[in-house]
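Everything on this sheet refers to the single structure shown next.
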Amino acid sequence: MIIQPKIRGFICTTAHPEGCSRVVEEQIQYVKRKGRLTGPKNVLVIGASTGYGLASRIVATFGAGSKTIGVFFEKEADEKRTASPGWYNSAAFEKYAHRDGHYAKSINGDAFSQKIKSHAAELIRNDFGKVDLIIYSLASPRRVHPVTGQVFSSVLKPIGQTFTSKSIDAFRGEVKEITIEPANEEEIASTVAVMGGEDWEMWIDYLAKENLLADGVKTVAYSYVGPELTHAIYKDGTIGKAKEHLKLTADKLDKKLKDIYGRAIVSVDKAVVTQASAAIPVVPLYISILFKVMKEKGTHEGCIEQMYRLFHDHLCASSSLSTDQEGYIRIDDLEMQEDVQQKVMELWPMVISENLAQYTDVKGYCDEFYRLFGFNVAGVNYDAEVDPVVTIPSLCTKQEIPGVKDAG
Ligand code: NAD
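Heads up, the sequence shown is in the working numbering, so the first residue is -9 and it goes up one at a time.
And the structure:
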């Protein structure tokens, strides 16, 4: 199959196995150059195949030498379609991890379900004994509740009032105005059900009940705050409500874990290009301006740089976790620097379609977006035939994990 990008709105419906593999390898090389960390031995990453979860898994493995179990929900290739990028990323990650002698196994399925939690628990019991670090990095548009069967869909809307703002169609190079009507109560509650902390708490409660949490276990989930410019759609919008719930859950879990000297914490990360952030209105334009400002200042970071800092400065640091007054780890510090935000605010009102290239790094945004799917990667011949069917070497299915009963 000759695989070329097919962009539909804010997603790409194809992915390139070789390109994805090279992007993973670049992240691994970055971590190896940064040097070794002393950290957790046994790590579970929920949402491990793309974005921040994949970068966390790479840092844990190639930085701290951790064994990792990765959970994700990705599509395998068939005769007509390529696999999803997270599938190719995970295949490449495992290949490189195994080559370097690291333990890495993966579970592909719905992390919100009890069945996948049981699979992960069984694998932890058999292979780790107990787990030291659990990264919770899911970004999903829907969740089937494992107890009630109710299907929740998340929305990205403001709360209380209509929001009108500039936005961008990055691939057409157009700046346009968008208006989004406020969410109703049901939409707010559904977004909290999908992206809030309930599922994280279910994971930790279940692993605790199964006696699989090591003394001193840490669990981290990710959030975003961002500047005033994005607050109506992010911090003060439906997703922000879900993130508030995530923080309340962290505080609750933190108390529960005290008995075993554990910690549950939310890390506020920087805005980066991922499949999840591409879907948020306004954010791609903000990121395009932010990238220009941060690249000029020499402080630009992507997922891997952010996650290396999270592990280096916090999760692997010998001192206790350092947080802000509200109890968040903050690794969005460089993004939120006053001079950076001031420059973004100066550029924002000036940007129009005609001057996009001058005032924003829309090219950098589009490049990174393509790279999420394995395109625009140096050294890959996109006109050459490539086999889309790639196996993930240690993908565990139910049958391969002894003792797992089908929990539905
Ligand atoms: P992403 O889209 O790159 O990754 C999402 C991951 O979740 C993938 O591994 C996917 O397979 C997995 N997933 C989705 N639904 C699943 C399911 N039902 N079962 C199992 N796995 C499932 O997203 P991301 O941007 O890396 O986001 C991860 C976290 O980081 C989110 O909480 C997000 O809010 C937060 N965050 C993102 C940004 C940003 O700019 N992208 C900034 C700060 C915080």
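Each residue gets a CB set at the ideal place from its N, CA and C atoms; glycine is no exception. Given the structure is predicted, the values throughout are model-derived calculations rather than measurements.
**OP:** Compute the beta-carbon to beta-carbon distance between His204 and Lys95, rounded to the nearest angstrom, for a pair I have assumed lies under 8 Å.
**Re:** Here residue 204 refers to the residue found at position 214 when the sequence shown is read from its first residue. Here residue 95 refers to the residue found at position 105 when the sequence shown is read from its first residue. Correcting the residue identity first, residue 204 is Ala in this sequence and not His. Contact doesn't hold; Cβ gap of about 18 Å is too wide.
**OP:** Kindly indicate which three-state DSSP category Ile270 falls into: helix, strand or coil?
**Re:** For the purposes of this step, residue 270 is taken as the residue at position 280 of the sequence shown. If DSSP states are grouped into helix, strand and coil, Ile270 belongs with coil.
Subject >> For Pro339 and Pro383, the rounded distance between their alpha carbons >> reply: As a position in the sequence shown, residue 383 is number 393, starting the count at 1. As a position in the sequence shown, residue 339 is number 349, starting the count at 1. Distance between the alpha carbons of Pro383 and Pro339 is about 50 Å.
Subject >> Nearest residue (CA-CA) to Asp329, options Thr313, Lys287, Phe365 and Asp314 >> reply: Position 339 of the sequence shown holds residue 329. Among Thr313, Lys287, Phe365 and Asp314, the Cα nearest to that of Asp329 is on Lys287.
**OP:** For Ala198, collect the residues of the same chain with a Cβ closer than 6 Å to its Cβ; drop the 5 residues on either side in sequence, then sort them by chain order.
**Re:** Counting from one through the sequence shown, the residue named residue 198 turns up at place 208. Closer than 6 Å at the Cβ level, and outside the excluded window around Ala198, lies no residue.
Original post:
How many angstroms separate the CA atom of Asp357 from the CA atom of Ile(-3)?
Top reply: For the purposes of this step, residue 357 is taken as the residue at position 367 of the sequence shown. For the purposes of this step, residue -3 is taken as the residue at position 7 of the sequence shown. Taking the straight line from one Cα to the other gives about 13 Å.
Original post:
So, helix, strand or coil for Asp249, using DSSP?
Top reply: Translated into the one-based positions of the sequence shown, residue 249 becomes position 259. It is helical.
Original post:
For Gly9, does the count of other Cβ atoms within 10 angstroms reach 16, so buried, or fall short, so exposed?
Top reply: Along the sequence shown, read from residue 1 onward, the residue named residue 9 stands at position 19. Buried.
**OP:** Leaving out five residues on either side along the sequence, give the residues of the same chain with a beta carbon under 8 Å from the beta carbon of Lys231.
**Re:** By 1-based counting over the sequence shown, the position of residue 231 is 241. Taken in chain order, the residues that qualify are Ile149, Ile178, Thr181, Val182 and Gly186.
Original post:
Between Val13 and the rest of its own chain, which residues show a CB-CB distance below 7 Å, the 5 nearest in sequence each way excluded?
Top reply: For this step, residue 13 is matched to residue 23 along the sequence shown. So the list reads Arg361, Gly364 and Val367, once near-sequence residues are dropped.
Original post:
Which value, in whole angstroms, describes the spacing of the CA atoms of Thr209 and Thr152?
Top reply: To locate residue 209, count along the sequence shown from 1; it is residue 219. To locate residue 152, count along the sequence shown from 1; it is residue 162. Cα to Cα, Thr209 sits roughly 36 Å from Thr152.
**OP:** Kindly indicate which three-state DSSP category Thr239 falls into: helix, strand or coil?
**Re:** As a first step, residue 239 is located in the sequence shown; it is residue number 249 there, counting from the start. Thr239: helix per DSSP, three-state reduction.
Subject >> Cβ neighbour criterion (16 or more within 10 Å) applied to Val134 >> reply: By one-based count along the sequence shown, residue 134 stands at place 144. It is exposed - the Cβ of Val134 has fewer than 16 other Cβ atoms within 10 Å.
Subject >> Residues whose Cβ lies closer than 6 Å to any heavy atom of ligand 1, in chain order >> reply: Gly37, Ala38, Ser39, Thr40, Gly41, Tyr42, Gly43, Val61, Phe62, Phe63, Glu64, Gly76, Asp100, Ala101, Phe102, Ser127, Leu128, Ala129, Ser130, Tyr212, Ser213, Tyr214, Asp259, Ala261, Val262, Thr264, Gln265, Ala266 and Ser267
**OP:** Measuring alpha carbon to alpha carbon, tell me which of Thr51, Ile36, Gly37 and Gly41 ends up nearest Phe301.
**Re:** Within the sequence shown, residue 301 is the residue found at index 311, counting from 1. The candidate whose alpha carbon is nearest that of Phe301 is Thr51.
**OP:** Grab me the residues of Lys282's own chain with a C-beta within less than 6 Å of its C-beta, minus the 5 sequence neighbours each way, in chain order.
**Re:** By one-based count along the sequence shown, residue 282 stands at place 292. The answer, listed in chain order, is Thr350 and Asp351.
Original post:
Short check: CB of Lys31 to CB of Gly53, under 8 Å?
Top reply: Looking up residue 31 in the sequence shown gives position 41. Looking up residue 53 in the sequence shown gives position 63. Contact flag unset, no.
**OP:** Locate the beta strand (DSSP E) running through Phe153, then write down its first and last residues.
**Re:** One-based indexing of the sequence shown puts residue 153 at position 163. Element bounds for Phe153: Phe153 to Asp159.
**OP:** For Ile(-7), count neighbouring Cβ atoms within 10 angstroms of its own Cβ and tell me buried if that reaches 16, exposed if not.
**Re:** Locating residue -7 in the sequence shown gives position 3, where the first residue counts as 1. So Ile(-7) counts as buried.
**OP:** Could you pull the start and end residues of the alpha helix (DSSP H) that Asp329 belongs to?
**Re:** Here the question's residue 329 lines up with position 339 in the sequence shown. Where Asp329 is concerned, the enclosing alpha helix (DSSP H) stretches over Glu328 to Leu337.
Original post:
So which of Asn116, Ile321, Phe102 and Arg115 has the shortest CA-CA distance to Gly139?
Top reply: Sequence index remark: in the sequence shown, residue 139 carries index 149 (1-based). Of Asn116, Ile321, Phe102 and Arg115, the residue nearest in Cα terms is Phe102.
Subject >> Outcome for Asn201 when other beta-carbon atoms lying within 10 angstroms are tallied against a minimum of 16 >> reply: Position 211 of the sequence shown holds residue 201. Classification of Asn201: exposed, given that the 10 Å Cβ count is below 16.
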